[in-house]
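Chemist: In the UniProt record's numbering, the protein residues as written are 1 to 478.
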Ligand SMILES: Cc1cc2nc3c(=O)[nH]c(=O)nc-3n(C[C@H](O)[C@H](O)[C@H](O)COP(=O)(O)OP(=O)(O)OC[C@H]3O[C@@H](n4cnc5c(N)ncnc54)[C@H](O)[C@@H]3O)c2cc1C
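#1: Can you find the residues in the same chain that come closer than 6 Å, C-beta to C-beta, to residue 222, ignoring five residues on each side of it along the sequence?
#2: Tell me the rounded alpha-carbon separation between residue 457 and residue 29.
#3: With a floor of 3 residues, list each beta strand (DSSP E) that falls wholly inside the segment 180-241, ordered by position along the chain.
#4: Can you find at least 3 beta carbon pairs, one from the segment 108-116 and one from the segment 197-209, that sit closer than 8 Å?
#5: Quick check: does the Cβ of residue 430 come within less than 8 Å of any heavy atom belonging to ligand 1?
#6: Do the segment 378-392 and the segment 165-183 make contact, defined as three or more Cβ pairs closer than 8 Å?
#7: Give every residue of the same chain whose Cβ lies closer than 8 Å to the Cβ of residue 402, excluding the five residues on either side of it in the sequence, and list them in chain order.
#8: Just to confirm, are residue 417 and residue 191 a CB contact at a threshold of 9 Å?
#9: Leaving out five residues on either side along the sequence, give the residues of the same chain with a beta carbon under 6 Å from the beta carbon of residue 163.
#10: So residue 113 and residue 199 are in contact, right, with Cβ under 8 Å, and what is the actual spacing, rounded?
#11: Return the CA-CA distance between residue 420 and residue 427, expressed in angstroms with no decimal places.
#12: Pick from 102, 71, 179, 363: whose alpha carbon is nearest that of residue 244?
#13: In this structure, how does DSSP classify residue 457 when only helix, strand and coil are distinguished?
#14: Indicate the three-state DSSP secondary structure (helix, strand or coil) for residue 479 in the structure shown.
#15: In three-state DSSP terms, what is residue 103?
#16: Please give the ranges of any alpha helix (DSSP H) in the segment 141-177, keeping only runs that are unbroken, at least 4 residues long and fully inside the region.
#17: Going by DSSP, which residues form a beta bridge with residue 363?
#18: What are the start and end residues of the beta strand (DSSP E) that includes residue 267?
#19: Verify whether the separation of the beta carbon atoms of residue 116 and residue 310 is less than 9 Å.
#20: Under 9 Å between the Cβ atoms of residue 12 and residue 74?
#21: What does DSSP give as the partner residue(s) for residue 393 in the beta ladder?
#22: Taking residue 72 as part of the beta strand (DSSP E), name the residues at either end of that continuous run.
#23: According to DSSP, is residue 244 helix, strand or coil?
#24: Given a threshold of 16 other Cβ atoms within 10 Å of its Cβ, counted over all protein chains shown, does residue 308 qualify as buried or as exposed?
#25: Quick one: what does DSSP say residue 39 is sitting in, helix, strand or coil?
#26: May I ask whether a heavy atom of ligand 1 can be found less than 8 Å away from the beta carbon of residue 437?
#27: Give the secondary structure of residue 115 by DSSP, where H, G and I count as helix, E and B as strand, and everything else as coil.
#28: When you measure from the CB of residue 183 to every non-hydrogen atom of ligand 1, does any distance come out below 8 Å?
#29: Go to residue 46, then tell me how far its beta strand (DSSP E) extends in each direction, as first and last residue.
#30: Taking 8 Å as the cut-off, is the beta-carbon of residue 113 closer than that to any non-hydrogen atom of ligand 1?
#31: If you measure from the CB of residue 240, is any heavy atom of ligand 1 nearer than 8 Å?
#32: Between which two residues does the alpha helix (DSSP H) harbouring residue 418 extend?
#33: Short of 6 Å in beta carbon distance, which residues of its chain neighbour residue 391, apart from the five on each side in sequence? Order them along the chain.
#34: With the cut-off set at 9 Å, would you say residue 168 and residue 182 are in Cβ contact?
#35: Can you tell me where the alpha helix (DSSP H) with residue 338 in it begins and where it stops?
If you want it as structure tokens, here you go:
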């Protein structure tokens, strides 16, 4: 039987082979905007599995027929990780979206991969628990998608990167085997965008829920903002989340934040704590502002910063993948980086989160008033400087696969290549992602060069993304 017939027999209506749904699965949160004629990202089929057992069957059918499988969560990743570049079957996990077990004793939650982060938070709150960390794409992005991407987000100041907060992950390899990873083995799952396996179940470590206190400080001087950030990093304040953005990011609302407009032309430092003693921190934040020339924003303005945490996700604007960067930088690289940026001819919008007081995870994007050429030049300089100060890009996806060796380093590359030889020698799982693929890498470069020549401008001109979920967990904030 042909693989399509086998899928039809197994999945019925949950396997589709034609229509708009195929084109929809050829788009994502940024990379697909402006690819032009060089890169076709339409799958040959879309399948919606409902259980790990069905995923195993699906993998067997695809493997026997030699058809690629491309996992897809909320498709918010801007680096093309969820795009099918060799046709094949898009595996849409939206019907594997259950919260399976909340365990208050061990403080863990076990979920299926297609559940959104906000849904998990909502389920946890009913048990007086909360996520340790979540991405600012939480209304739409899925647990499986973020595990496959890895990264930092809200809460990373206290809890670090996502991979440090996973109890275990189950995935189905291209051979149809189910592997359960924990501890150090998670390095063969996290950040690898599904090329080692389709994630079918995740157990997350979670925390006790406690009300959040929020402070926001405004700065006219970028240097003072960074000085304040260092002082916070050096302190022993019990903070859950530390975020900052420069004035250019404030002015790019709502792609940046500042939806209410009271932070125009100002850099912002946001501090959040779950510590019950808010008053002790009130006094320290006041002292910090006095010492660094910042202004403590009114409580309702600070709370608005929290309310705006998903503003970029909930807006319909999309930044093309080529016009943004996600980078990790040791904290001491930040001061020289910001000094260098001040010298640049064209500014860059910068927003970042502190990761355990050691590093900053930075999201940089081009302000919408720059031309494509200016934006690319500014971002290329930024990335070069980040490298100079000990940082590196993260999230490889499709767009950066040709730089995988540099980003992953020789050891992880060797390990990954050995894994692929053992489990997926034909590269059926998400081909073209993370590991460079000769037939695809040149197309990506050509597509990027094409969009450069055609000159798609900044964020506002890019087609809108589909509606995200409007789940808003009722976190207690003051
Ligand atoms: C507005 C906005 C805010 C963001 N904020 C953050 C942030 O705070 N921190 C951060 O790190 N990133 C952030 N991102 C990037 C992105 O949203 C995250 O990486 C996100 O978690 C990806 O989840 P997703 O469900 O959308 O995955 P997708 O985009 O669908 O997929 C991402 C990758 O995971 C793979 N994948 C998906 N599901 C599975 C599965 N079940 N098994 C195996 N592989 C799978 C896909 O093939 C792809 O390679 C943001 C993006 C946007 C647009």
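A virtual CB, placed ideally from N, CA and C, is assigned to each residue, including glycine.
Modeler: From the atom records:
#1: 246, 267, 338
#2: In this prediction, residue 457 scores a pLDDT of 41, lower than 50, which makes its location untrustworthy; no coordinate-derived value is stated.
#3: Qualifying beta strand (DSSP E) stretches, in chain order: 198-208, 213-219.
#4: yes
#5: yes
#6: no
#7: 436, 441, 444, 445
#8: no
#9: 150, 186, 190
#10: 5 Å between Cβ atoms; contact.
#11: Answer to the nearest angstrom: the Cα atoms are 7 Å apart.
#12: Ranked by how close their Cα comes to the Cα of residue 244, the residues 102, 71, 179, 363 have 363 in first place.
#13: Interpretation of residue 457 is limited by its pLDDT of 41, a score under 50 that renders its predicted location unreliable; no figure is taken from the coordinates.
#14: With the chain covering 1 to 478 only, the question about residue 479 has no answer from this structure.
#15: Note: residue 103 maps to strand in three-state DSSP.
#16: The segment 141-177 contains these whole alpha helix (DSSP H) runs: 143-149, 156-159.
#17: 326, 351
#18: 267-273
#19: no
#20: no
#21: 327
#22: 69-72
#23: strand
#24: buried
#25: coil
#26: no
#27: In the structure shown, residue 115 falls within a coil segment according to DSSP collapsed to helix, strand and coil.
#28: no
#29: 45-47
#30: yes
#31: no
#32: Counted as a single uninterrupted DSSP element, the alpha helix (DSSP H) harbouring residue 418 occupies residues 410-423.
#33: 327, 328, 329, 333
#34: yes
#35: 334-343
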